[in-house]
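Sequential numbering from 20 applies to the sequence shown in my numbering. What follows is a set of notes on a single structure, which appears directly below.
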Amino acid sequence: MRTCGDCTACCEGWLHDESLEMEAGKPCQHCTSGGCAIYDNRPEEPCRTFRCEWLKNEEGFDDEMRPDRCGAILITDRPFKQWDVIRVIPVGVSVPNPTLSKVMHHAAETAKPLMWTERRPDFADHPMEVSVGSAGPEEFTIQMKWDMRPEDVWSYSNPANG
Ligand code: SF4
Ligand code: SF4
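Dropping the structure here:
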């Protein structure tokens, strides 16, 4: 079974979590260069329960897709409305093209809808402002375009070092 190894991407502020006061440009207060400073006492939610898709899906994604290597965190356990969607969250401003290509290929093969976000270059001053891209069934992309609210974007707000 995969382990996080040296990756701490989900603690570094690329995911939004109110309880840990974490947002883009602002890592969790317990995140250090040596890992989690309170690892043995880290909260159950979100820290002990969160597992990104790379950690869970060894068959679907190779080692290069570890978030700290590929520049994106993949999340699959937070649906958007009725859709079992793959969310791609950049570790930085945007998802690197080779990573997005790989995820698009995977989404097409598994027939899953896909959404990815891009931040403003000055995201530290505007952590909640993102643009959203999508791919998949037409019904899904239309719903994404017209029915999505800010809370739909941020409903993946769970970090942790599993
Ligand atoms: S769960 Fe977090 S620390 Fe572990 S591999 Fe995924 S992003 Fe990295
Ligand atoms: S495991 Fe949780 S408490 Fe520890 S650094 Fe990561 S987000 Fe913070």
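In this text, a Cβ means the ideal position worked out from N, Cα and C, and glycines have one as well. Just so it is clear, the structure is predicted and the values come from calculations on it, not from any experiment.
Where residue i falls: helix, strand or coil (DSSP)
i: I105; result: strand
i: E31; result: coil
i: F99; result: strand
i: K75; result: helix
i: A127; result: helix
i: D25; result: coil
i: D36; result: strand
i: M84; result: helix
i: R67; result: helix
Environment of residue i [buried if 16+ CB atoms lie within 10 Å]
i: H124; result: exposed
i: N180; result: Residue confidence is low: N180 scores 39 on pLDDT, short of 50, so the model does not pin down where it sits. Its coordinate-derived value is still stated next. N180 is buried by the Cβ-count criterion.
i: G54; result: exposed
i: H35; result: buried
i: T136; result: buried
i: E72; result: buried
i: P169; result: exposed
C-beta contact flag for residue i and residue j at 7 Å
i: C89; j: T118; result: yes
i: L133; j: G111; result: no
i: P146; j: G44; result: yes
i: C29; j: I92; result: yes
i: W33; j: I94; result: no
i: R138; j: V149; result: yes
Residue i - partner residues in DSSP beta bridges
i: G54; result: T51
i: W165; result: DSSP lists no partner for W165.
i: R138; result: V149
i: E42; result: K45
i: L133; result: I105, A154
i: L119; result: Answer is none; L119 lacks a bridge partner.
i: A91; result: P109
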